[in-house]
Structure formats: structure tokens, C-alpha cells
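Just add 160 to the spot in the sequence shown (first one is 1) and you have the numbering used here. Backbone N, C-alpha and C fix where the C-beta goes; we use that ideal spot for every residue, glycine too. Taking it in order: structure first as C-alpha cells, then the write-up.
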Amino acid sequence: MIHHDEALRRIIARAQEDAGFRDQLKADPRAALKTLLGIEIPSVMTVSVLEDTPTHLHIVLPADDRLTDGALEDAALEMVAGGAWHPFQRTMDSPPPPPDAGDPRWTTFGGGS
Numbered sequence: 161m162i163h164h165d166e167a168l169r170r171i172i173a174r175a176q177e178d179a180g181f182r183d184q185l186k187a188d189p190r191a192a193l194k195t196l197l198g199i200e201i202p203s204v205m206t207v208s209v210l211e212d213t214p215t216h217l218h219i220v221l222p223a224d225d226r227l228t229d230g231a232l233e234d235a236a237l238e239m240v241a242g243g244a245w246h247p248f249q250r251t252m253d254s255p256p257p258p259p260d261a262g263d264p265r266w267t268t269f270g271g272g273s
């Protein structure tokens, strides 16, 4: 399984180098991630690709376990029971990477302009 931080690094690097991949990532993120990383995102998961602009900054927060009292929703429970995995699982011992100095794109897939 690829580590969340490594996956994010690869996605952002490729989107910055390859305009075609960036367009595909925004239009069809599931296909772009399968092509780049060789993983399929389960259909029960929503994939959103956001792009910062000079006037719009996105901040992505991790899921808040307090919203469900730690209980899994039905779709998530089915994934766990069926042996499915989250391709970008972040663990307690893998804190988020620090932002690059002066780079507002670190919180989104694909970055901004």
C-alpha cells in the first residue's frame, strides 16, 4: 500500500509537470489515480479535486471521529468487513507533511496557480 504522503507528493508533482494529467485529474480523478498509482478508489468514496487560485485557498482537514462517536458508517463498515482498504490511509504515527515555504498548493491535489 502506498503511504498517503508519498501518494500526494506523486500526484502533485505529476499535475505540475503534465497539463494533460492535471486536466484528467480534475475531470476524472478515479481514472487519473488508477493510471498514476495503480489503485482503484472504491465507489463508496467520493473523490474531490480542488485547485487553489490567487484568491481562493482550500484547507483540507482529516475526518473528525467525533461526528460518528467512532462508529463506522454502513458503507465504511462494509468496506472493512469485505477486506477493502483505504489507499491513502494516514496513521497516528504519520503526521501530515509540513507545507513548502511559500507554496499555497500543499493542501490540495493538483495545486493552484
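- A distance below 6 Å between beta-carbons, with the five flanking residues on each side excluded, links Ala192 to the following residues of its chain, in chain order: Gln184 and Leu185.
- Between Leu197 and Arg170, the C-beta spacing is below 8 Å.
- With respect to Val209, Pro222 sits apart: the two C-beta atoms are not nearer than 8 Å.
- In this structure, DSSP gives Thr213 an extended state, which the three-state scheme calls strand.
- If you ignore the 5 residues before and after Glu200, its C-beta comes within less than 6 Å of the C-beta of Lys194, all in its own chain and listed in chain order.
- Take Val207, set aside five residues on each side of it, and the residues of its chain with a beta-carbon closer than 8 Å to its own are Pro189, Arg190, Leu193 and Ile201, in chain order.
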